[in-house]
Every structure is written in C-alpha cells, then in structure tokens.
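The structure appears below as structure tokens.
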Amino acid sequence: MFKFNWLKGLVLALLLPAVARADEGMWLPLLVKRLNQADMQKKGLRLTAEEIYDVNNASLKDAIGQLGGFCTGEFVSGQGLLLTNHHCGYDAIQSHSTPQNNLLQNGFFAATKTDELKNPGLYVDVLVRMEDVTGKVLEGITPQTPEATRVATVQQRQRELAAAAKDNGQYVAYVRDFFGGNEYYLFVYQRFGDVRLVGAPPEAVGKFGGDTDNWMWPRHTGDFSMFRVYADQNNKPTAGYQEGNQPYVPKKHLPVSLQGVSEGDFSMVFGFPGRTQRFLPAAGLQMTLEQSNPARIKLRDTRLKLWKEDMDRDPALRLQYASKYANIANYWKYYIGQNEGMKRLKTVDQKKAEEAALQQWIAQDATRTEQYGKVLTDIDQAYAGLREYNLSSQYVNEAAFGTEIITLAARMLPLYNALKGDGKTPADPAAAKKAAEDLREPVAEYFKDYSAATDKKVFAALMGLYMQDVPKEQLPEVFQLVQKQYGGSMQKYADYVFAGSFLTSKAKVDAFLAAPTLAKLEADPGFKTYQSVYQNYVQNILPKMQGLQAGLLRANRLYVAALREKNAPKVYSPDANSTLRLSYGTVRAYKGRDAVNYNYFTTAQGILEKQDNSNPEFVVPAKEEQLLAGKDYGRYADKDGTLHVGFITDNDITGGNSGSPVINGRGELIGLAFDGNWEAMTGDLAYDPELKRCINADIRYVLWCIDKLGGAKHIVDEMTIVDRGPNPNASVAAPGGAEVPAKMKVKTKQKGKEAAPAK
Ligand code: ARG
1 MFKFNWLKGL
11 VLALLLPAVA
21 RADEGMWLPL
31 LVKRLNQADM
41 QKKGLRLTAE
51 EIYDVNNASL
61 KDAIGQLGGF
71 CTGEFVSGQG
81 LLLTNHHCGY
91 DAIQSHSTPQ
101 NNLLQNGFFA
111 ATKTDELKNP
121 GLYVDVLVRM
131 EDVTGKVLEG
141 ITPQTPEATR
151 VATVQQRQRE
161 LAAAAKDNGQ
171 YVAYVRDFFG
181 GNEYYLFVYQ
191 RFGDVRLVGA
201 PPEAVGKFGG
211 DTDNWMWPRH
221 TGDFSMFRVY
231 ADQNNKPTAG
241 YQEGNQPYVP
251 KKHLPVSLQG
261 VSEGDFSMVF
271 GFPGRTQRFL
281 PAAGLQMTLE
291 QSNPARIKLR
301 DTRLKLWKED
311 MDRDPALRLQ
321 YASKYANIAN
331 YWKYYIGQNE
341 GMKRLKTVDQ
351 KKAEEAALQQ
361 WIAQDATRTE
371 QYGKVLTDID
381 QAYAGLREYN
391 LSSQYVNEAA
401 FGTEIITLAA
411 RMLPLYNALK
421 GDGKTPADPA
431 AAKKAAEDLR
441 EPVAEYFKDY
451 SAATDKKVFA
461 ALMGLYMQDV
471 PKEQLPEVFQ
481 LVQKQYGGSM
491 QKYADYVFAG
501 SFLTSKAKVD
511 AFLAAPTLAK
521 LEADPGFKTY
531 QSVYQNYVQN
541 ILPKMQGLQA
551 GLLRANRLYV
561 AALREKNAPK
571 VYSPDANSTL
581 RLSYGTVRAY
591 KGRDAVNYNY
601 FTTAQGILEK
611 QDNSNPEFVV
621 PAKEEQLLAG
631 KDYGRYADKD
641 GTLHVGFITD
651 NDITGGNSGS
661 PVINGRGELI
671 GLAFDGNWEA
681 MTGDLAYDPE
691 LKRCINADIR
701 YVLWCIDKLG
711 GAKHIVDEMT
721 IVDRGPNPNA
731 SVAAPGGAEV
741 PAKMKVKTKQ
751 KGKEAAPAK
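Structure representation (structure tokens):
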C-alpha cells in the first residue's frame with residue numbers, strides 16, 4: 001500500500017479541476033461536453049462533443065443501436081446495414097440453420113436484399129434523446145421523507161415521465177436510476193422491429209477459439225455478424241416485419257477506416273453496457289465470492305457437461321443446443337474468472353479499507369454522522385440477512401430454471417391464471433383462449449431446439465443438487481414427495497415427471513393448447529413441480545429477501561452519496577444499466593503477470609498457429625487456410641504487411657457492449673468490441689486501470705472476412721471506406737506554417753455524400 005501523504009493529497013485535491021479521467025468510466029453522452037470533452041481532445045479526439053451527441057443535428061449517437069436489448073450494433077451504410085458481433089447474432093443465425101442448410105457452420109452472406117432473413121422478435125433501439133430528470137423525479141423529497149413514500153413517489157414519477165415521452169406510442173421511453181437512486185435520466189428511443197440477417201462468417205471464424213479462448217487475450221476471433229434494419233415508406237419504425245418495408249436510412253452511419261491502429265492512438269467505444277456494480281459494498285462482494293458464484297459455477301458446470309455429452313453424440317442435437325450452450329458457458333467462465341480475480345486482487349479487502357476510511361470521514365463531522373452514521377452497519381446487517389436466503393434464490397434461478405421443462409411450465413402461468421381465476425377475478429374462457437393462442441409460436445420455437453431425454457438428465461442432476469445444497473427448511477414441498485415416494489431419488493422422480501408430463505413433446509402441448517383445461521394443467525407433474533418451486537419462492541423466500549433489499553436500497557443510496565461527497569472533486573461515472581454510454585481511452589498493451597507482456601494486436605499468423613482441425617474450437621476452414629497461407633490480404637493488410645486480426649484498448653466496457661464500434665479520433669470505425677480479458681474479470685465490480693482491456697476485432701479483418709473469405713464484396717461496397725494511403729500521418733509544411741495532412745483518399749459508394757473528412 002502507498003502511504004497517504006495528507007499534505008500532497010490536499011494540494012492535489014485543490015488543484016484538480018472537476019474533470020473526469022479516461023480509462024475508467026462509461027459516460028453518459030449527454031454529459032460528455034461538460035465532463036469529458038477537454039480530456040478526450042487531449043487524448044486525440046478531433047471531434048467536438050456536439051459531433052458525438054446532439055439532439056438537433058446528426059451526430060455519432062444516431063449511428064448506434066441497442067440490438068434486442070442485449071447487444072450493441074452500429075450503422076455502417078446509408079441503407080440500414082448494422083454491424084454487430086457474431087455472438088450477438090448467434091441465436092438468429094442458429095435459428096435459420098438446419099443440418100442440411102447449416103448457416104452457422106458454413107457462414108452466410110445474402111447475395112441480394114431479398115435473400116436477407118427475417119428474425120421475429122428481434123429489434124433495434126436508436127436513441128432519440130436523453131434528459132436529466134433528477135429534479136422532476138425527486139421534487140419535494142427530503143431526507144425526512146419516509147422510505148416507502150419515497151419509493152412510491154419516485155416510481156410513479158418515473159412512469160409518468162416515460163409515458164409522456166412515448167408521445168402516443170411513437171417512442172419507447174423509460175427513466176432509469178443512477179448512482180443508487182441519487183440521479184434519474186429519461187431515455188427516448190425509436191424501436192425498429194424489422195431486423196434481417198445479412199451475413200455472418202462460418203462459426204469457425206466467428207467463434208474461433210471457442211470457450212477456451214473466451215474472455216482471453218491474445219485473441220483471433222472474427223466475432224462479427226451483420227443485420228439490416230428496415231423501416232416503412234416514411235423511414236419510420238415498424239413493430240415487426242412488414243411487406244413493402246425499405247432499408248432504414250439512418251441519420252448517421254460510421255465511415256470505416258482502413259488505417260489500422262498504433263499503440264497510444266485515441267479510441268472510443270459507444271454502446272449499451274448492461275450492468276456493473278462498482279459501488280457494491282464489501283459485504284456484497286463477499287456474498288458474491290463465497291456464495292453466489294460458487295453455486296452458479298457448480299450448477300452450470302453440471303448442466304454444461306450433460307448437454308455436451310449429448311451434443312457430442314448427435315450432430316442435430318449439437319445444433320439445437322449450440323446457442324443455449326454458448327450462453328450458459330459464457331457466464332460460467334465469467335463467474336470462474338471473477339472469483340479467481342477477486343482472490344488474486346483482494347477485491348474484498350480493498351473495499352473494506354475504503355469503507356473504513358469512509359466511516360472515519362463520516363465520524364469526523366456531526367452532520368455527516370447524522371446523515372450517514374448508520375449506513376455501513378445497515379449494509380452489513382442487510383447482507384447478513386440476505387446470506388441466509390441467497391442460496392435459495394441462486395438455486396431457483398440456476399437449478400430449477402436451469403431445466404427447460406420448468407421454464408416451459410412457467411410460460412403456462414398466464415394460461416393457468418385465466419383458467420383458474422386469480423381469486424379476485426373469476427376464470428375467463430376468452431382470456432384462456434387468447435393465452436393458449438399466444439403460446440403457439442413460442443412453443444414451436446421452444447421445441448425446435450429441445451430434447452426431452454437431455455432435459456431429463458439435467459433435471460435429475462440439477463434438482464438433485466437443489467435438494468441437497470439448500471437449507472432443508474427452505475425447500476419446496478415437492479421435495480418431500482421425492483423423499484416419501486421415490487426414496488429420495490431425484491432420478492426416479494425425473495423418470496416419473498418426464499413419463500407423465502405433457503410438457504415434454506410438441507404434439508402433446510399442441511393438443512393441450514387446442515383444448516386447455518385447468519384439471520389437466522394442475523395434474524401435470526411438470527407443472528406441479530414448477531408450481532411448488534415457484535410458490536415456495538414467492539411465499540417463503542422472496543418476502544424475506546425483499547424486506548432486506550428495501551433497507552439495502554436506502555443504505556446503498558446514502559453510501560454512494562457519502563462516497564461521492566467524500567471524494568469530491570473526483571467525478572464518478574455511473575454504473576452501467578443498459579443505457580447508451582461512451583468510454584474513451586487508447587490502444588494499449590498490458591503486462592498480464594510477472595514476465596508476461598502482451599502485444600496490443602494479433603495477426604493472421606496466430607490463426608494458423610492455433611489451428612487444430614481435430615478440435616472443433618480451433619478448426620480453420622480450408623478456404624481461410626489457403627487464403628492466409630497465400631497471404632492474400634489485399635487492401636486489408638496493415639502497413640507492416642500482415643493481416644491484423646484483433647487489438648486491445650483500455651476502454652471501459654462490459655457485457656451488452658458486445659458489438660460496439662471502436663471509433664478513432666476522427667469518428668471512423670476501426671474495430672468491433674467483443675470481449676474483456678482474463679486478468680481483469682473483476683472489472684464489473686472494481687476497475688483496475690493497469691489490467692483491464694477491451695478486446696476488439698480489427699475492422700480490416702472483418703472486411704477481409706466479408707470480401708475475400710465470404711466473396712461478398714457487394715456488402716463492403718455499401719460502406720463508406722476511408723483509405724488514407726500508406727503514410728497517413730506524414731504532413732507537409734504549408735505556407736504560413738500550418739500543417740496540411742498528406743493526400744487523403746475517401747471512397748464512398750453513396751451518391752452525393754462524402755465520408756466525414758478529417759478535422
Ligand atoms: N465473452 C464474450 C462476451 O460476453 C462472449 C464471447 C462469445 N464466445 C464464446 N465462446 N462464448 O461478450
């Protein structure tokens with residue numbers, strides 16, 4: 001630990017202006033002008049804050065969309081072409097794949113727009129505007145306002161503000177809380193519901209390295225896929241696919257740079273980070289480390305092994321379970337890395353030290369003591385209580401809902417309520433009919449990728465662990481049946497459930513939906529199991545946790561407020577919450593551990609070095625091998641003559657940022673963010689500037705995959721490619737001493753539009 005020099009600390013605090021530093025921070029675009037612009041320009045940004053975020057004129061934000069609520073995509077042509085990650089498009093790609101026509105395996109590039117593939121349910125949200133509504137939400141609320149009144153008032157105002165902003169259903173709008181409920185912002189989006197698949201490389205490129213390389217650098221993955229957003233004749237969004245829709249013309253699309261990156265270059269990432277918990281108190285970190293993560297890892301480990309056994313046996317099943325497997329495996333490895341990292345970096349101890357310092361600061365002053373004096377003990381007490389129920393909640397999520405039959409049963413709930421009446425309202429045959437109708441499509445989709453035999457194994461194993469690991473008095477009633485009638489054997493109980501339940505086959509579910517009755521649903525052993533688990537949770541576990549969480553909400557809000565007050569003028573960036581953010585930094589190598597220094601980029605050479613055609617994760621398709629062996633890189637080669645595949649920056653990102661554009665100082669696309677690195681897996685809980693890196697696909701490799709490997713040059717031609725030639729930074733002295741950049745070639749296929757010029 002560095003010694004604290006109080007005099008130096010004081011002087012520094014007085015001298016530092018209230019500006020944010022780069023590296024850590026997922027900044028709100030609205031505040032970039034005030035908080036970040038100066039620092040960004042110093043780092044190499046040549047744009048103004050208005051060129052990044054402007055409500056009245058086209059700005060970078062108009063080129064960014066949130067894909068399906070879980071990823072980010074960016075417009076790269078004036079015809080709605082949207083670039084994102086392969087792992088973001090994975091589910092869509094898989095849904096269009098069969099063993100006979102395996103787009104996932106072979107890759108796919110639509111030859112014409114009519115070949116693009118519809119994806120019901122998938123949407124893209126593009127931000128119209130955001131607004132600080134803290135004043136409106138918190139008006140009249142004081143520290144004396146009773147907590148319950150505060151919560152109700154705040155929720156009511158959030159709803160009202162959002163409803164007004166929706167403007168008769170024209171927009172999607174919501175108010176999110178920031179800094180633990182100390183600030184509130186309104187977000188207004190256009191939601192485009194007609195999103196078609198344009199292309200993806202073979203899985204061997206898009207997921208090269210598989211789960212082995214996942215969350216790790218150095219990386220050689222071409223993690224990209226492409227969609228096209230469609231709109232109606234007036235360029236307005238439609239709720240879903242609509243005949244006669246046209247490619248959406250975005251207000252702004254990103255020019256694509258062929259220039260490549262050097263260490264120290266400015267980089268920014270614009271996207272929709274999902275969730276970070278950087279203000280999580282030590283007790284929360286400890287619960288994650290000791291309880292939540294080990295449970296998740298154990299249960300996912302079990303599920304993945306069972307799935308894999310069957311996937312390895314049966315190619316059709318491999319395809320059916322590919323997307324589910326990838327999703328579960330992704331966060332399985334994340335939790336492992338997070339726990340390893342927390343131990344290695346002593347994250348809990350660090351937080352404890354921070355809290356001790358905070359407590360001391362609070363105690364120094366009577367007003368602070370009155371406001372914040374009890375905050376840290378309140379937090380610790382709430383977590384002590386939560387720890388008693390946390391396992392139950394983890395096992396409901398990861399064990400019970402880790403089986404597919406339980407998730408299908410859960411989907412029957414609206415139908416069940418309509419058939420039964422919920423105590424207040426009587427049974428409603430019309431509502432039941434509609435609920436049954438609404439289930440048709442999801443049920444068909446569900447069974448397309450379902451194996452009852454596989455699910456039965458998973459059920460026996462996961463429910464067995466649930467029964468074994470969770471405190472006895474918190475178990476659902478159904479486990480008593482397992483004890484009494486099946487001698488405690490979850491395997492025997494699984495045999496009974498899967499033999500008797502109609503939830504195991506599409507034909508049986510369809511037959512039920514054609515003539516649904518309460519008696520049949522209530523008698524179904526699959527549904528009964530779900531009901532027992534769910535009701536136990538809702539009646540016995542949740543109320544206890546909710547009481548504790550309500551107290552925690554208040555304590556957290558005060559904790560964050562105290563922390564910000566203590567450390568002013570440090571500017572904190574808010575935790576990620578699936579709203580549009582900007583992060584900026586530079587291209588930057590790192591030292592992974594003692595004696596291990598990682599370069600900041602990878603090349604195609606590394607693909608061939610990792611190639612192992614006997615290992616599905618490291619197969620290199622024959623065509624790619626041939627092109628790479630012949631060094632056929634075309635204009636996508638770096639100035640060093642090689643093909644760069646990936647690079648790293650110190651941009652602060654997290655899940656949800658996947659697919660985000662990496663943008664250079666001129667506002668041009670240089671890469672696609674797709675992952676984080678193993679050494680910094682604690683990043684969502686605590687940011688380490690020396691270790692945390694953002695892993696990106698080099699945009700030139702992406703273009704190479706489309707053009708050379710995929711033979712789809714027409715798609716590249718749609719983009720605005722910026723090629724400054726071999727020596728872009730060479731300057732010639734102009735009369736009067738001003739510098740003029742060397743010759744710049746800008747190629748664009750768009751009539752009447754020029755690519756953004758250098759500033
Ligand atoms: N770790 C990446 C993310 O969360 C996902 C990478 C997907 N690849 C995989 N092998 N599962 O964004």
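Using the working numbering, you'd call the opening residue of the sequence shown number 1 and step up by one each time. The beta-carbon is built from N, C-alpha and C at its ideal position, and this holds for glycine as well. Treat the numbers as computed from the prediction; the structure is a model and nothing was measured.
Q156 is classed as exposed because its beta carbon has fewer than 16 other beta carbons within 10 Å across all chains shown.
For H714, the Cβ stays outside the 7 Å cut-off from all heavy atoms of ligand 1. In this structure, E74 lies away from P442, with their beta-carbon atoms at least 8 Å apart. The alpha carbon of E398 has as its nearest neighbour, out of M226, E522, A461 and K448, the alpha carbon of A461. Contact between V587 and F647 holds: CB atoms are separated by about 6 Å, below the 8 Å threshold. Here the distance from the Cβ of N330 to the nearest heavy atom of ligand 1 is below 7 Å.
With a minimum length of 4 residues, the unbroken runs of alpha helix (DSSP H) contained wholly in the region 202–232 fall at 203–206 and 210–213. Residue pairing by DSSP leaves R344 without any beta bridge partner. Note that the region 404–413 touches the region 448–463; at least 3 beta-carbon pairs, one per stretch, sit closer than 8 Å. In this structure, the beta-carbon distance from Y185 to Y171 does not fall below 8 Å.
Checking the 7 Å criterion, the Cβ of S578 is out of range of every heavy atom belonging to ligand 1.
Ranked by Cα distance from Q491, the options M463, P476, Q468 and P471 are led by M463. Between G240 and D194 a beta carbon distance of about 6 Å is seen, short of the 8 Å cut, so the two are scored as contacting. Looking only at N599, D717 and Y701, the smallest Cα-Cα distance to G264 is reached by N599. Counting only runs of at least 4 residues, the region 620–698 fully encloses the following alpha helix (DSSP H) elements, listed from N- to C-terminal order: 622–629.
Burial state of G181 is buried, judged by a 10 Å Cβ sphere holding 16 or more other Cβ atoms. With fewer than 16 other Cβ atoms from the protein chains shown falling within 10 Å of its own Cβ, T377 counts as exposed.
Under DSSP, T72 shares a beta bridge with Q66.
In this structure, Y334 is the residue among Y334, H86 and D428 with its C-alpha nearest to the C-alpha of E679. Looking at the backbone, the Cα of F601 and that of F187 are separated by about 36 Å.
By alpha-carbon distance to G271, the top candidate from K692, E160 and N85 is N85. Distance from the CA atom of T288 to the CA atom of E243, rounded to whole angstroms, is 49 Å. Here N293 is not near L197, since their CB atoms are 8 Å or more apart.
Between the alpha carbons of F178 and G25 lies a distance of about 14 Å. Your pair I706 and A712 checks out as a contact, with CB atoms roughly 5 Å apart and the cut at 8 Å. Assigned with DSSP and collapsed to three states, D524 falls in coil, not helix or strand.
According to the DSSP assignment, M268 belongs to the beta strand (DSSP E) that extends over F266 to G271. Each of G209, I64 and A164 was checked against the Cα of G606, and the nearest Cα belongs to G209. Using a C-beta cut-off of 8 Å, the region 425–445 makes no contact with the region 350–369, since fewer than three inter-stretch Cβ pairs fall below that distance. Taking the Cβ atoms as the reference, R176 lies roughly 6 Å from T579, within the contact range of under 8 Å. Of the heavy atoms belonging to ligand 1, at least one sits nearer than 7 Å to the Cβ of H87. Taking L413 as reference, the option from P273, Q535 and L669 with the minimal CA-CA separation is Q535. I695 is positioned such that its CB atom lies closer than 8 Å to that of R219.
DSSP, read as helix, strand or coil, puts R176 in strand. Within 7 Å of the C-beta of N677 there is not a single heavy atom belonging to ligand 1.
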